C-alpha cells in the first residue's frame, strides 16, 4: 500500500490530478483543433500592436504551428495552470498535515522532519512532472493529427518550461508552509510573487530601462528565452536556473522546519 | 517532606539504570505566557505514571516537548536515555504516542492508516494490530472519517501500542471511550507494565488513573506541584467535614484524633479537616451524639493543593 510518505502523498494527489488532466487535455484539444481555422486567417490586424507586444506573445509567428501554440498555450494559459497547480500542491501537502494535526503522529515515528519535507516536496514535483507529461503527450499527439509542424523537441522543451515555472512557485509556497505552517499565507505569498514576476516580465519587455533586469523574473527564463519562443532551439540553460532556485528555496528553509514548533 | 527526599524515593522505584523519562527544569514560554514552568520529573522504567492536572495546566505542552514537537524554552528531557529534542528520531523508535486530539486521514480506512504507520516504523507484527482491534472492539475496514469519536480514539490507541514500544506517552487516552472499553484499555496498560514497559499518561480526572498508576505527578498552572506514589497519596487524601452534635461538641477530644486539624467550633456545629482516614475521628465523636455529618472530598486540584501547602510552610 503506502510504504512511505512519498507514495502516500502521491495517492493524496491522485484524485485532484485526474481533474487537472481532463482540464489540460480539454484546453489543449480546443486550441489545437482550432488551428486549421487560424492558419488560414488574415492576421494582419495584429500588426497594429507594438513590436514588443508582438514579440512577447509570438504574434508575428501566429501563422506557424509553434508560434500559435506559444501565443495560445505556452505564454498564456499553461503557465497559469502550472503555477496554480504548483502553488496548490506546495501549500497543501505539508500544511494540511500540520493544520489537521495528523503530523503529530507521523513525527512520533522514527521519521525525521527532513525526510517528511523531502517526501512531500518530491511528491509535489512528481505531480508537476506528470502534468507536464500530459501536456507533452496531448500536444504531441493532437498537433501531429492537425499537422502543425511542431517537433517533439519543441514540445518537450516548452512543456518542461511549464513544469519548472510551477515547480519554482510551488517551492516558494511549500517553503512558506515549512516556515509558518500556514497554508493561506503560503498561497498569498507565492501567488503575489507569481503576479509580480509576470508583471515585471511584461514591463521589462516594454520599458527600456528595465531590459537589463529581465533575468530577475522566472518568466524570462521559462517563456522569454526558451523554445516556447524559438521553436528551433534546444533546452536552454535558463531552465536550470529555475530548477536550482526551486531546490535552493526548499533547502534554505529545512533547518528552520527542523527547529520550529509544530502545530502552532 | 522536603523535595530532595521525595525525589530520592521516586528514584528507588526504578528497575533499570536509565529512567524511561528524565525531565530537568523543562520550561515553555510563549511571549509573556509561561505554559510550563521548570518541571522536573523522573519516571522509572516499568511503571505507570499518571500526569494529572486541570485543563490548561500545561500537560499537553509538556508531552509535546517530550515528543520533540515543541522546542523547550529552557531545560531538557530524556526519553530512554535519548535527548527528546536533539535525538528525537532515535528516541521515537521505542516510543508510542497518542496525541491529545488524535486524528487520522479521514479518507483512509483504519487498516490503511495503521499499515501506513507500520511501514514507517517497520517493526510491527500485524497479528498484534488485529488482536488489539478485537480487544477494543474496532472494525478496521471502515473509513476513519465515518467513525464515531470513541472509535477514532481506539485507532489512536492501537497505533500507539501496535509496535510494542518500550515507552508509551498517552495524552488523555480515555477521552470518548465508553466504560467497558475504558476498562479494557486499562487492562492493556496493566499488561504493558507487567511486561516491564513504561506508560506515561495524562488525565484531568484522578479516579481515571488512581487504579492503574503507580506514581502520579500533579501539574497546576505550568508547575509540578508534586510527584507521589499512589498508595501514599490515598493515605493523604484531605476531607473537609462539618459535624453537628446534639450537645456541646468535645473539642479537645476531636483535636487529639489522628489526622485532624483546623477544628472550628460554632455552637453545636464543628468544622474540621482530616488528613487520611476519617475512621478515628468518627469513632471518638460518635459517643457525643452526632446529629448530622457532611464530608466533602475535595476535587483533584484541591487534594494536591492541600497536600502541597504543609510542605511549603
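Chains as they are written, first to last, in the working numbering: chain U, 1 to 264; chain E, 1001 to 1313.
Even glycine gets a Cβ: it sits at the ideal position worked out from N, Cα and C.
As the structure is a computational prediction, the values presented were derived from the model and not from experiment.
{"Item": "At least three beta-carbon pairs within less than 8 Å, the stretch 92-103 of chain U to the stretch 131-140 of chain U", "Value": "no"}
{"Item": "DSSP beta-bridge partners of residue 1170 of chain E", "Value": "E:1098, E:1201"}
{"Item": "Delimiting residues of the beta strand (DSSP E) encompassing residue 1264 of chain E", "Value": "1260-1266"}
{"Item": "For residue 1195 of chain E, the three-state DSSP class (helix, strand or coil)", "Value": "coil"}
{"Item": "Residue 1066 of chain E and residue 1077 of chain E closer than 7 Å at C-beta", "Value": "yes"}
{"Item": "Below-7 Å beta-carbon distance, residue 108 of chain U vs any chain E residue", "Value": "yes"}
{"Item": "Beta bridge counterpart(s) of residue 1033 of chain E as assigned by DSSP", "Value": "E:1030"}
{"Item": "8 Å contact criterion, which residue 1214 of chain E and residue 1229 of chain E should meet: CB distance rounded", "Value": "7 Å"}
{"Item": "Cβ shell of residue 265 of chain U (< 7 Å), same chain only, five flanking positions each side left out", "Value": "Residue 265 of chain U falls outside the range modelled here, since chain U spans only 1 to 264, and no answer is possible."}
{"Item": "Bridge partner(s) assigned by DSSP for residue 1240 of chain E", "Value": "E:1273, E:1296"}
{"Item": "Alpha-carbon to alpha-carbon, residue 1158 of chain E and residue 1129 of chain E", "Value": "7 Å"}
{"Item": "Minimum Cβ-Cβ distance from residue 73 of chain U to chain E less than 7 Å", "Value": "no"}
{"Item": "Near-chain U residues of the stretch 1107-1119 of chain E - C-beta to any C-beta below 8 Å", "Value": "1112, 1115, 1116, 1117, 1119"}
{"Item": "Backbone secondary structure at residue 1230 of chain E - three-state DSSP", "Value": "helix"}
{"Item": "Distance CB(residue 1088 of chain E)-CB(residue 110 of chain U) smaller than 7 Å", "Value": "no"}
{"Item": "Residues that residue 1104 of chain E contacts on chain U, provided the C-beta gap is smaller than 8 Å", "Value": "102, 105"}
{"Item": "Closer than 9 Å at the beta carbon, the chain U residues around residue 1082 of chain E", "Value": "In chain order: nothing, as chain U lies at least about 11 Å away."}
{"Item": "Three or more C-beta pairs below 8 Å linking the stretch 1167-1181 of chain E and the stretch 1143-1151 of chain E", "Value": "yes"}
{"Item": "Beta-carbon contacts of residue 1265 of chain E that lie in its chain and below 7 Å, excluding the five residues immediately before and after", "Value": "1249, 1251"}
{"Item": "Cβ contact check for the stretch 1159-1167 of chain E and the stretch 142-152 of chain U: 3 or more pairs under 8 Å", "Value": "no"}
{"Item": "Residues sharing a beta bridge with residue 1218 of chain E, DSSP", "Value": "E:1052, E:1226"}
{"Item": "Nonlocal neighbours in the same chain, by C-beta distance under 8 Å from residue 1017 of chain E, ignoring five residues either side", "Value": "none"}
{"Item": "Completely contained alpha helix (DSSP H) runs for the stretch 1097-1163 of chain E, where each covers 4 or more residues", "Value": "1110-1121, 1126-1135, 1149-1161"}
{"Item": "Strand pairing of residue 1074 of chain E, partner residues [DSSP]", "Value": "E:1027"}
{"Item": "Three-state secondary structure (DSSP) of residue 1289 of chain E", "Value": "coil"}
{"Item": "Below-7 Å beta-carbon distance, residue 3 of chain U vs any chain E residue", "Value": "yes"}
{"Item": "Pair within 7 Å by beta-carbon distance, residue 1042 of chain E and residue 1224 of chain E", "Value": "no"}
{"Item": "Cα-Cα separation, residue 1061 of chain E to residue 1037 of chain E", "Value": "11 Å"}
{"Item": "Cross-strand partners of residue 1043 of chain E (DSSP beta bridge)", "Value": "E:1021"}
{"Item": "Alpha helix (DSSP H) segments (min. 4 residues) lying fully within the stretch 3-54 of chain U", "Value": "5-39"}
{"Item": "CB contact check: residue 1035 of chain E to chain U, cutoff 7 Å", "Value": "no"}
{"Item": "Where residue 103 of chain U falls, given that 16 or more other Cβ within 10 Å makes a residue buried", "Value": "buried"}
{"Item": "Pairwise C-alpha distance: residue 1263 of chain E and residue 1227 of chain E", "Value": "29 Å"}
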